[in-house]
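Number 375 marks the last residue of the sequence shown (UniProt numbering); no jumps. Just so it is clear, CB atoms sit at the ideal spot from N, CA and C, and this is done for glycine as well.
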Amino acid sequence: MITAHAYSTIQAIERGAWNDCFPGELEDWDYYLAVERSAIEGFQWRYLALYEGPTLVAVAPAFSTRYSLDTTIQGPGKRLTERLQQWWPGALQLRLYALGSPVAEHCHAGIASHVAAQRRPALLEQLLHLARQDAEQMGIGLLAVKDAPGHDEGWAASCRAAGLNVMPSLPSALLPVPFASIDAYLGTLGKSTRKDLRRTLRAPGPRIEWRRTIDDVLPEIMRLYEATLARSDLQFERLPADYFTGVLEQLQERAACVLYWVDEQLVAFNLVLLDRHRLIDKFFAHDLDISRDHNLYVRSWLANVDYCIAHKIGRYECGQAGYASKLRLGCSFSANQLFFRHRNPLLNTLLKLVKRWVRPDRSDPALAAAISERS
């Protein structure tokens, strides 16, 4: 018999049992504990668990928040919605309960290693049912699955069976790294891109420092983070300082912060997760004025590729932003999907109409190209 529980802390679930549901995952129990402890403002964390007797058989993280329907809109459309919200505060906001995480690469829903694969669809449906019950107890009508991998037919089938609507989410960028050298990587790129990157490599560059602790530079890191966040149209969460320090502390050798210095000034940082198989780029922030002189984003990109080559790491997973640059830099893209349904039939119908205007590819040609490329 299956019993279902929704917890407010991941510590209610045994670490080994959780990780058994996600073998080899970098964003594991320790990562979610670091996220939970960082207390990101505006988010309440939930952890959904299914048991057979005392044995964990399936889990998924979830969260609740107030969600703005223009979160994925960019450019002129964003300016329009910002003016609307100034005139009518809260007009585009709904309370949301979502499986997934605002700070994970995709929605994690796992089954224990001893559970037969053919049982997964039924367990996913039970997780969705548990999520709906938990949302209703919290008085939340809008249920979603955030960033379900597009190749995961189990999620798609379970969400359709539950009556959820679907729209494209932001795709994830990936660069396979089978190269023996940076020069070999550059040889796979277009002529103009290759020329630009070689010019960058020839120019004097910042000093690069890989760190596991950042307490001494934390104020400067947060200054760079806040400045970068202020320039971005895509804002869902605001990360506190405890997120950056907590991830480094909790994941230890599986996380690093790469610092970029010009003379004695910290001009950029890059938080990454890594193991023997992949490097995940979690967040890059930089000083825009100095970036123009030193091409800091490209410097960071090449440093990560070079690290992968030197350590024989075969995958560089580079996140969900900056699609124009990532297309030029040779990335491929994997689909993510957003499933949603509001329990109020009128609001659900309205959301199905609104999704045509808030699709993330509607206002970003490079993003549209990335979605088309991975379809």
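For the ligand PLP, any of its heavy atoms closer than 7 Å to the Cβ of Y323? The ligand PLP is not among the ligands present in this structure, which contains no ligands whatsoever.
Between I10 and L170, what straight-line distance do the alpha-carbon atoms span, to the nearest angstrom? 26 Å
Specify the secondary structure class of S158 as computed by DSSP and reduced to three states. helix
Does DSSP put G16 in a helix, in a strand, or in coil? helix
CA-CA distance, P121 and G150? 15 Å
When DSSP builds the beta bridges, which residues end up paired with Q44? S64
Rounded to the nearest angstrom, what separates G53 and A4 at their Cα positions? So the two alpha carbons sit approximately 11 Å from each other.
How far does the beta strand (DSSP E) with R278 in it extend, from its first residue to its last? Unbroken beta strand (DSSP E) run through R278: R278 to H286.
Which one or two residues does DSSP pair with S334 in a beta bridge? The partner list for S334 (beta bridge, DSSP) reads S172.
Out of M138, V145, D28 and E41, state which residue places its alpha-carbon closest to the alpha-carbon of R341. Looking at the Cα atoms, V145 is the closest of the given residues.
Using three-state DSSP, classify C308 as helix, strand or coil. C308: helix per DSSP, three-state reduction.
Return the CA-CA distance between A116 and L266, expressed in angstroms with no decimal places. One C-alpha to the other measures close to 50 Å.
Spatial neighbours of S291 in its chain, beta-carbon cut-off 8 Å, leaving aside the 5 residues before and after: V267, A268 and Y297
Nonlocal neighbours in the same chain, by C-beta distance under 7 Å from G246, ignoring five residues either side: A34, R37 and S38
Check whether the Cβ atoms of R202 and D134 sit closer than 8 Å, and answer yes or no. No. Outside cutoff.
What does the alpha-carbon distance come out to for the pair G16 and L124? 21 Å
With DSSP as the reference, please indicate the residues paired to W261 in a beta bridge. R207 and L266
Mind checking which residues open and close the beta strand (DSSP E) that includes P149? L142 to P149
Just mark I2 as buried or exposed, buried being the case when its beta carbon has 16 or more other beta carbons within 10 Å. exposed
Below 8 Å CB to CB, which residues in the same chain sit around I13 once its five sequence neighbours on both sides are set aside? Y7, W29, Y47, A49, L56 and V59
Is T65 closer than 8 Å to G42 when the C-beta atoms are compared? Their beta carbons are under 8 Å apart, which means G42 touches T65 by this criterion.
If you measure between the beta carbons of P206 and Y243, is that distance less than 8 Å? no
Would you call the region 188-199 in contact with the region 334-352, where contact means no fewer than 3 C-beta pairs closer than 8 Å? No contact exists between the region 188-199 and the region 334-352.
Enumerate in chain order the residues of its own chain whose CB-to-CB distance from N19 is below 7 Å, with the five nearest sequence positions on each side excluded. D28 and W29
So G314 packs on H277, CB below 8 Å; how close in whole Å? 6 Å
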